[in-house]
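This report concerns only the one structure given below.
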Amino acid sequence: MGNGKKKVRVDLRKNRAKPPRGNDLTRAFQEDAAAAGDAASGERVRAKGDLSRKRTLVVDDAADAMPAADAACVRGRVLRVHGLASVVEADDGRVFRCAVRRLLKSLSTDERSVVTTGDVVWVRPSGAAVGNQDPGAGVGGRDSGFRETREADAVSALNPETRPPTPAPEGMIERVEPRHGVLTRASRRREHVLVANVDQLAVVISLVQPDLKPHLIDRYLAAAQKGGLAPVLLLNKADLADPAALQPLVGFYAQIGVPVILTSAATGLGVGRLRELLRGRATVFSGQSGVGKSSLLNAVQPGLALKVKSVSEVNEKGRHTTTYSQLIRLDACGWVVDTPGVRQLALWDTIPEEVEGYFPEFRPFVPLCAFPDCSHTHETGCAVKAAVARRQLSERRYHSYLGMFRGAAED
Ligand SMILES: Nc1nc2c(ncn2[C@@H]2O[C@H](COP(=O)(O)OP(=O)(O)O)[C@@H](O)[C@H]2O)c(=O)[nH]1
Ligand SMILES: [Mg+2]
Ligand SMILES: [Zn+2]
């Protein structure tokens with residue numbers, strides 16, 4: 004790749020316009036046939052129209068738009084992003100603190116999502132890091148400390164909460180591979196990609212403290228479908244709840260094909276089954292702050308030592324929350340991502356008409372509505388509303404639908 008001129012499509016109203024789907028960086032890269040690969044799975048849902056908000060840039064050198072991963076670059080995965088610095092673990096195990104090449108930022112609609120946790124990137128090692136490839140180069144002091152850390156405990160080396168502050172080698176992120184499997188939300192009218200390149204979304208819901216919020220489940224399930232992720236529902240703190248009272252909820256989600264596990268990080272209930280579901284897949288754990296995401300991961304892999312909130316921190320709502328997502332490799336299970344708590348999950352780039360698609364149980368009734376374009380909100384002769392009145396559809400789910408429909412219509 005990379006000789007002669009190259010066309011790149013960028014957003015006209017950078018940072019403000021809503022792209023019709025996904026993320027512009029990804030799309031720009033998809034123009035390259037070689038990079039098109041397996042990028043399709045994240046695109047099951049797309050907004051209609053709106054494709055004309057792009058303009059085509061012609062840049063002198065393809066390498067400027069899509070910098071080639073030359074022999075000096077190493078491939079890796081973004082473990083976490085701290086402000087301007089991204090921490091990348093290269094395939095060879097070295098961990099780099101990286102800046103992001105400016106051009107990549109200008110290709111993206113939102114600087115916050117240029118590089119995100121889970122991204123597959125190409126890093127150009129800089130300065131001391133280049134010397135680190137050669138242990139005899141005389142700059143090994145910084146690196147050898149890091150290697151000792153890894154050898155002592157590979158997991159803690161990846162865990163910022165337990166890793167000693169050893170300076171990592173540095174590098175520049177030159178290229179971000181197309182994403183698949185993303186968890187995205189709308190944040191202050193912008194797209195915030197919480198994590199990329201995962202297969203599965205574990206929606207962690209607390210039955211008590213904080214209390215169960217079923218409408219949040221429905222939003223997470225919609226976000227999973229939109230991002231191409233297989234959902235799993237973890238109803239945590241089961242030790243504090245009455246399982247009989249939960250039966251209708253568990254039954255409902257199981258019926259629409261979502262695996263549901265009653266878990267307790269405190270007693271270990273459900274942890275074995277959870278471990279099986281995690282095996283060989285990359286899973287993002289998401290849910291409100293204080294529901295027990297970190298506790299469950301610690302239960303899945305003893306020794307992980309993720310920081311868990313105290314009861315008073317849970318009650319303080321939001322102040323002591325982790326503010327970044329981090330990618331963690333589990334010994335036997337593949338990758339997991341522990342995300343910060345998300346209190347509300349606004350769906351990014353959603354048109355009202357697509358919301359119905361996130362409620363599979365509505366499907367048999369939709370064709371029976373009097374109007375073919377029925378929104379199931381106010382129309383007469385709406386078969387969905389009639390089914391809710393007859394209790395054939397859950398009223399709770401219908402209210403989730405209305406909330407998400409109105410949320411999508413607001414913009
Ligand atoms: N009783 C009980 N408490 C739990 C359980 N899971 C987590 N907790 C407690 O809930 C609080 C929040 O847990 P944490 O893992 O930090 O939640 P996160 O914010 O989702 O990562 C901590 O005080 C945990 O001890 C559980 O299954 N049962
Ligand atoms: Mg946590
Ligand atoms: Zn209808």
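Numbering follows this note's numbering, in which position 246 of the sequence shown is assigned residue number 249; successive positions increment by one, without gaps.
Just so it is clear, CB atoms sit at the ideal spot from N, CA and C, and this is done for glycine as well.
A distance filter of 6 Å between CB atoms and the heavy atoms of ligand 3 selects the following residues in sequence order: C372, C377, H379, E382, C385, A386, V387. Residues of the same chain with their beta carbon placed closer than 6 Å to that of S190 are lacking, with the five preceding and five following residues left out of the count. With respect to the C-alpha of H402, the residue from E173, P213, G96, R222 having the closest C-alpha is R222. Residues V117 of the same chain have their beta carbon placed closer than 6 Å to that of L107, with the five preceding and five following residues left out of the count. Under the three-state reduction of DSSP output, H218 falls in the helix class. When the alpha-carbon of A302 is set against those of L110, S313, S89, A268, the nearest one is in A268. Under the three-state reduction of DSSP, H85 is assigned to strand.
The beta strand (DSSP E) runs lying completely inside the stretch 374-414 and spanning 3 residues or more number zero. In this structure, DSSP gives V117 a state outside helix and strand, which the three-state scheme calls coil. At a Cβ-Cβ threshold of 8 Å, V201 and V287 count as neighbours. A contact is defined here as three or more CB-CB pairs under 8 Å, and the stretch 376-392 fails this definition with respect to the stretch 235-251.
DSSP lists E92 as the bridge partner or partners of V98. Unbroken beta strand (DSSP E) runs of no fewer than 3 residues, entirely contained in the stretch 261-300, are found at 263-265, 286-289, following chain order.
Out of A390, F368, L219, G293, the CA that lies nearest to the CA of G406 is found in L219. The beta carbon of D242 sits closer than 7 Å to at least one heavy atom of ligand 1.
Between L236 and L186, the CB-CB gap reaches or exceeds 8 Å. For K108, the Cβ stays outside the 7 Å cut-off from all heavy atoms of ligand 1. Pairing S89 with P246, the inter-Cα distance amounts to about 42 Å. Pairing R282 with A227 gives a Cβ-Cβ distance that is not under 8 Å. No Cβ-Cβ contact shorter than 8 Å links E180 with V103.
Judged by DSSP in its simplified three-state form, E180 adopts coil rather than helix or strand. In the structure shown, A257 falls within a helical segment according to DSSP collapsed to helix, strand and coil. Relative to ligand 1, the beta carbon of G271 is positioned no closer than 7 Å to any heavy atom. Between ligand 1 and K229, a heavy atom-to-CB distance of less than 7 Å is absent. In the three-state scheme derived from DSSP, where H, G and I count as helix and E and B as strand, S129 is classed as strand. 8 Å or more divides the Cβ of S292 from the Cβ of V207. For V317, the shortest C-beta to heavy atom distance toward ligand 1 is below 7 Å. Contact check for V81 against A93 fails: the beta carbons are separated by 8 Å or more.
K216 has its CB no nearer than 7 Å to any heavy atom of ligand 1. Our two residues, I264 and L238, have alpha carbons roughly 6 Å apart in a direct line.
Relative to ligand 2, D341 has its C-beta within less than 7 Å of a heavy atom. Pairing A411 with L348 gives a Cβ-Cβ distance that is not under 8 Å. By alpha-carbon distance to L371, the top candidate from F362, A199, A390 is A390. Remark: the C-beta of A247 is outside contact range of ligand 1, defined as less than 7 Å to any heavy atom.
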